[in-house]
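Residue 437 in UniProt numbering sits at position 437 of the sequence shown, and the numbers go up by one each step.
Beta carbons are placed, not taken as given, at the ideal position from N, Cα and C, and that holds for glycine.
Following: one structure in structure tokens, then a few remarks.
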Amino acid sequence: MSGTIKVTGGNKLRGEISPIPNKNSIVAALPAAMLSDKEVVFKNVPATSDVEKILELMKQLGAEVKESGLGNVTINCRGLHSYTVDEKIGGQFRGSLMFVGPLLARFGKAIVPLPGGCELGMRSIEAHTDVLSKVGVKISCQGALVHFEAPKKLKEKYRVWQTEASVTATENLAMYAAGIRAEVEIIDAACEPHVVDVLRLLTDMGAKVEGAGSNRVTIKGTTVHKKADFLPRPDFIDIAGMIVAVAVTDGHVRIRGANIPDIVDGMINWYEMFNIKIDREGDDLLVSVGKGGLEVDVRKQGFPMGAPNLPKLYPRPWPGFPVDAIPPIAVLASKSRGRLLLMNWMYESGLDYVRELNSMGADILMMDPQRIIVNGPVKFKGGSVTTPSVIQACKAIFLAALADKVTTTIYGVDILRRRYPNIFEVYRSLGAEIEVVPEVLSVGK
Numbered sequence: 001m002s003g004t005i006k007v008t009g010g011n012k013l014r015g016e017i018s019p020i021p022n023k024n025s026i027v028a029a030l031p032a033a034m035l036s037d038k039e040v041v042f043k044n045v046p047a048t049s050d051v052e053k054i055l056e057l058m059k060q061l062g063a064e065v066k067e068s069g070l071g072n073v074t075i076n077c078r079g080l081h082s083y084t085v086d087e088k089i090g091g092q093f094r095g096s097l098m099f100v101g102p103l104l105a106r107f108g109k110a111i112v113p114l115p116g117g118c119e120l121g122m123r124s125i126e127a128h129t130d131v132l133s134k135v136g137v138k139i140s141c142q143g144a145l146v147h148f149e150a151p152k153k154l155k156e157k158y159r160v161w162q163t164e165a166s167v168t169a170t171e172n173l174a175m176y177a178a179g180i181r182a183e184v185e186i187i188d189a190a191c192e193p194h195v196v197d198v199l200r201l202l203t204d205m206g207a208k209v210e211g212a213g214s215n216r217v218t219i220k221g222t223t224v225h226k227k228a229d230f231l232p233r234p235d236f237i238d239i240a241g242m243i244v245a246v247a248v249t250d251g252h253v254r255i256r257g258a259n260i261p262d263i264v265d266g267m268i269n270w271y272e273m274f275n276i277k278i279d280r281e282g283d284d285l286l287v288s289v290g291k292g293g294l295e296v297d298v299r300k301q302g303f304p305m306g307a308p309n310l311p312k313l314y315p316r317p318w319p320g321f322p323v324d325a326i327p328p329i330a331v332l333a334s335k336s337r338g339r340l341l342l343m344n345w346m347y348e349s350g351l352d353y354v355r356e357l358n359s360m361g362a363d364i365l366m367m368d369p370q371r372i373i374v375n376g377p378v379k380f381k382g383g384s385v386t387t388p389s390v391i392q393a394c395k396a397i398f399l400a401a402l403a404d405k406v407t408t409t410i411y412g413v414d415i416l417r418r419r420y421p422n423i424f425e426v427y428r429s430l431g432a433e434i435e436v437v438p439e440v441l442s443v444g445k
């Protein structure tokens, strides 16, 4: 896949579209198969680069992996023989961290490389080391490798208070707990839909789980696991991006299978404040723009205010507005009448895409690394832009390029494949004009 595309925007998106399966569910659920000697069948698995890396790492550790070509993957880990994750592959992405819990439960040890992946500042593995140390795991760092060792003797029960409601730390600890003969209570557990999906898989494999979907989860593990099937639910971040794409192009699109209240209702509440019209029809969502066009509607009850006549939006742990859906909001606000204070307190460099949006014609004031004021509406002017190495930042720039009848050349879009393997084909099917620039040409930019 080339790292460069040329987008000619201004086409109103129309048609039907299906969101991808939740990538975050899959990235955590696949390693959970290492808890068992029985087959675990994963259905509707997206062909993302992160999934490919996880499957390759599992094969290296001794797992038997069969791919059907129809999105189904069958994994049998009866021949698992190693607890050391390959440094070259594992160091490329944060998904390799999800091997720690299952390997610890299986072998009592795990060695994983310090992860790379998205460049989101100083985000480290502290959320993981914190919760695992509270169940007696010893942790040491030797060069680029982190060594984990489970206690020789387990307590009957552990109570773990998370210092933050980390999704991946909750999943990692839950997988470890599901594979040991002990009871682990996680307080301030993450509640996101993909966490619930992973807990559901652990239940199907034989663990006893109470409180899934709440911030207080109790897991009673077992060393004997059953066969299980896993089907991820739709990716709510993909749904969020689709809604914004339809809105900024003044389109009309049916999002198939997206009417899942416990996943989308909270986000829909926010999008309707921008005068986006979202109707429900069976399992689908019908998205269009309301009469009068997009606006940051300060009259809507419940829109919090950052200052007089300055509404604000900021991410919160689930069921609050998800942090990965924040970058597209900057694009949406840029095409809406009014001003919006947008905050991202979770990452110290989580608003780095603002420079690129401003170069494309946005009117965004960066107050500090975690707060911006977006003024709209603007007309994006196109040009050439290189995206930051963050998936959702790249997605925001792509969405901005769709909005107005100008041509934008975007460099660095190959990172989108980590989450959206067929994104350009999908948006072309709705009428977007997207040209993938051959690598030999993009190199000579």
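query: Exposed unless 16 or more other CB atoms sit within 10 angstroms - verdict on S214; result: exposed
query: CA nearest to the CA of Q92, picked from L145, R14, E164; result: L145
query: Close Cβ partners of E210 (< 6 angstroms) along its chain, the five nearest in sequence each way excluded; result: T218
query: Helix, strand or coil at F303 according to DSSP, with G and I counted as helix; result: coil
query: Where the beta strand (DSSP E) containing D229 begins and where it ends; result: 228–230
query: Cβ-Cβ distance between R14 and G290 below 7 angstroms; result: no
query: Sub-7 angstroms separation of Y315 and F303 beta-carbons; result: Checking the displayed sequence, the identity of residue 315 turns out to be Pro instead of Tyr. In this structure, F303 does not lie closer than 7 angstroms to P315 by Cβ.
query: Buried or exposed by the 16-neighbour rule on C-beta atoms within 10 Å, applied to C394; result: buried
query: Residues near L286 in its chain [Cβ-Cβ closer than 6 angstroms; skip 5 each side]; result: R254, D279
query: Nearest-angstrom beta carbon gap, M242 and P19 [assumed within contact, 8 angstroms]; result: 7 angstroms
query: Cβ contact (3+ pairs, closer than 8 angstroms) linking the region 100–113 and the region 71–91; result: yes
query: Buried/exposed call for N309, threshold 16 Cβ in 10 Å; result: exposed
query: Coil, strand or helix - G8 by DSSP; result: The residue asked about is misnamed: residue 8 is Thr in this sequence, not Gly. The answer is strand: DSSP assigns T8 an E or B state.
query: Three or more C-beta pairs below 8 angstroms linking the region 262–279 and the region 416–431; result: no
query: Outcome for P23 when other beta-carbon atoms lying within 10 angstroms are tallied against a minimum of 16; result: According to the sequence shown, residue 23 is Lys rather than Pro. With 16 or more Cβ atoms within 10 Å of its Cβ, K23 is classed as buried.
query: Chain-order list of residues whose beta-carbon lies under 7 angstroms from that of G383 (same chain, five-residue window excluded); result: S359, M360, T408
query: Same chain, Cβ closer than 7 angstroms to G221, neighbours up to 5 away in sequence not counted; result: A177, A178, G179, I180, R181, A182, A207
query: Uninterrupted alpha helix (DSSP H) stretches inside the region 302–370 (no shorter than 4 residues); result: 326–334, 354–359
query: Candidates E126, M175, L202: closest to S166 by CA position; result: E126
query: Rounded Cβ spacing between I5 and V436 (contact assumed at less than 8 angstroms); result: 6 angstroms
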